[in-house]
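The sequence shown begins at 1 in the UniProt record's numbering and counts up by one.
Positions of the beta carbon are idealized from the N, C-alpha and C atoms, including for glycine.
Structure, as structure tokens:
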Amino acid sequence: MVLDPKVTSLHSDYGSFDRPLGAGEGHERDVEAAVDGSSNGMAQSSDVYQRQPLLPGAPTKGKDKWSGVASGSDYYVDDEDEKIDSLRRHPGIPNGSGNGVVKLDIPAPLREEPRFPKEKWKTFLAFLFMVVNFILTTASLAMVHERVPDRNTYGPLPDIVLDNVAAQDWALNVSEVLIMIMSNSAMVFIIFHKHRFIVVRRIFLLMGLLYMMRSITMYVTVLPVASKTYFCSPKANNTSPLLVTKRVLQLISGFGLSINGKHTYCGDYIYSGHTVVLVLNSPKRFQPIHWLAGIAVLTGVTMVLVAHGHYTVDVLIAYYVTTRLWYIYHTLANNSHLKQYEPNNFLARLWWFPIFKYFEKNVGGTVPRQYDWPLPWPRRFLAKHPNRDS
1 MVLDPKVTSL HSDYGSFDRP LGAGEGHERD VEAAVDGSSN GMAQSSDVYQ
51 RQPLLPGAPT KGKDKWSGVA SGSDYYVDDE DEKIDSLRRH PGIPNGSGNG
101 VVKLDIPAPL REEPRFPKEK WKTFLAFLFM VVNFILTTAS LAMVHERVPD
151 RNTYGPLPDI VLDNVAAQDW ALNVSEVLIM IMSNSAMVFI IFHKHRFIVV
201 RRIFLLMGLL YMMRSITMYV TVLPVASKTY FCSPKANNTS PLLVTKRVLQ
251 LISGFGLSIN GKHTYCGDYI YSGHTVVLVL NSPKRFQPIH WLAGIAVLTG
301 VTMVLVAHGH YTVDVLIAYY VTTRLWYIYH TLANNSHLKQ YEPNNFLARL
351 WWFPIFKYFE KNVGGTVPRQ YDWPLPWPRR FLAKHPNRDS
């Protein structure tokens, strides 16, 4: 809107006044005011008037219809008004129309990505990563078995626990039974977890990392057999690829356990694989199950030492490595700023950080502890019959 000044003859700080009208001018002014539909007082006292109509499409009143209007050089035209006038005079141009309506182009809203995507393909890759490293661990054991010192020449190393506890072979079976119970219980919780694909993907990745490091530590340093009663298969004095493959298949068929008679090779000490599997986190909301899991872990680790299946240092290293890896991994996963390579982010210098970043880059925050029914058919049935009592 542009407000044009009205030319007046008298001006002061308190307003503008028209000059006194003569007899003839007063009559002409009254006639013009009557034609325009305005009062005589308004015509004389108004200092400004509206040059453009308020409503679109209304006829524009010319400057010659008003009294006391100066020439075109006496009023100011704004650029915005010129733009609006141009839009009204040219209705065919973009974003404008003849009735004064302006069209605004609003971009479509972006599709919101889920914070916790399933990413089944990454879960499958994490499973392959765990399987490959488990095979690597069994291959390392198959070769280490040929390098184990002869138990008839070299006895067990001095150990504060093993030296004071008599070996009980049955205790190792108890530990492995607890491993199977806890592993199956953990899988049940994972299946009923709302974000089960993220949880199981992390389990696969962590187990793969632990297996990889264990295959290296047991191969570089071979310790004497800790038990004097545990059965070890005779050495073949040969590490041909065919022999290693046969031993790997035998170990995999028994899931690396001794209770089924498949694990008859010695030398897998640093660090304890039994302790790695036993040290699992349980949901803290279910306090009874949480405490039962803690008791099972303590019992299983104790039984491993009672059976002389591992040295005490093997158990301590396994506990430390497993818990530190778990804490570091979830600290990185629960803090988005730690997922980036930054000068002050020293955790990004971990050798497995690129692997972590690939699997966790799309997870948007801490995974909540939520559980739901994993199968579709009961939910579909309830959706069809939401309230059968009504």
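- Closest in C-alpha terms to residue 332, from the list 304, 305 and 362, comes 362.
- Contact check between the stretch 155-174 and the stretch 204-218: fewer than three CB pairs, one atom from each, fall below 8 Å, which does not count as touching.
- Residue state for residue 230 is assigned as coil, using DSSP reduced to three classes.
- Closest by C-alpha distance to residue 201, out of 325, 249 and 130, is 130.
- Exclusion of the five residues before and after residue 319 leaves 275 and 279 as the residues of its chain whose Cβ lies within less than 7 Å of its Cβ.
- Only buried fits residue 308, as 16 or more other CB atoms lie within 10 angstroms of its CB.
- Boundaries of the alpha helix (DSSP H) around residue 176: 170-192.
- From the listed residues 105, 190 and 197, the smallest Cα separation to residue 119 is found for 197.
- For the set 330, 369 and 371, the Cα lying nearest the Cα of residue 206 is the one of 330.
- Within 10 angstroms of the beta-carbon of residue 293 lie 16 or more other beta-carbons, which makes it buried.
- Look at residue 211 here: in three-state DSSP terms it is helix.
- If you keep only unbroken alpha helix (DSSP H) runs of at least 4 residues inside the stretch 241-271, you get 241-253.
- DSSP places residue 327 in the helix class (H, G or I) of the three-state scheme.
- With three or more CB-CB distances shorter than 8 Å, the stretch 294-307 counts as touching the stretch 170-178.
- Assignment of residue 311 by DSSP, reduced to helix, strand and coil, places it in the coil class.
- Residue 301: member of the alpha helix (DSSP H) spanning 287-306, first to last residue.
- Between the alpha carbons of residue 115 and residue 189 lies a distance of about 21 Å.
- The beta-carbon distance between residue 222 and residue 313, rounded to whole angstroms, is 14 Å. This is too long to meet the 8 Å contact definition.
- From the listed residues 251, 269, 270 and 273, the smallest Cα separation to residue 263 is found for 251.
- Here residue 338 has 331, 332, 345, 347 and 348 as same chain residues with Cβ atoms under 8 Å from its own Cβ, once five neighbours each way along the sequence are excluded.
- Taken through DSSP and simplified to helix, strand or coil, residue 154 comes out as coil.
- Leaving aside the five residues that flank residue 193 on each side, the residues in its chain whose CB is nearer than 7 Å to its CB run, in chain order, 199 and 371.
- The beta-carbon distance between residue 185 and residue 277, rounded to whole angstroms, is 12 Å. This is too long to meet the 8 Å contact definition.
- Counting every other CB atom within 10 Å of its CB across the protein chains shown gives residue 163 a total below 16, marking it as exposed.
- CA-CA distance, residue 208 to residue 139, rounds to 15 Å.
- Residue 375 has its alpha-carbon roughly 22 Å from the corresponding atom of residue 204.
- For residue 124, the enclosing alpha helix (DSSP H) covers residues 120-144.
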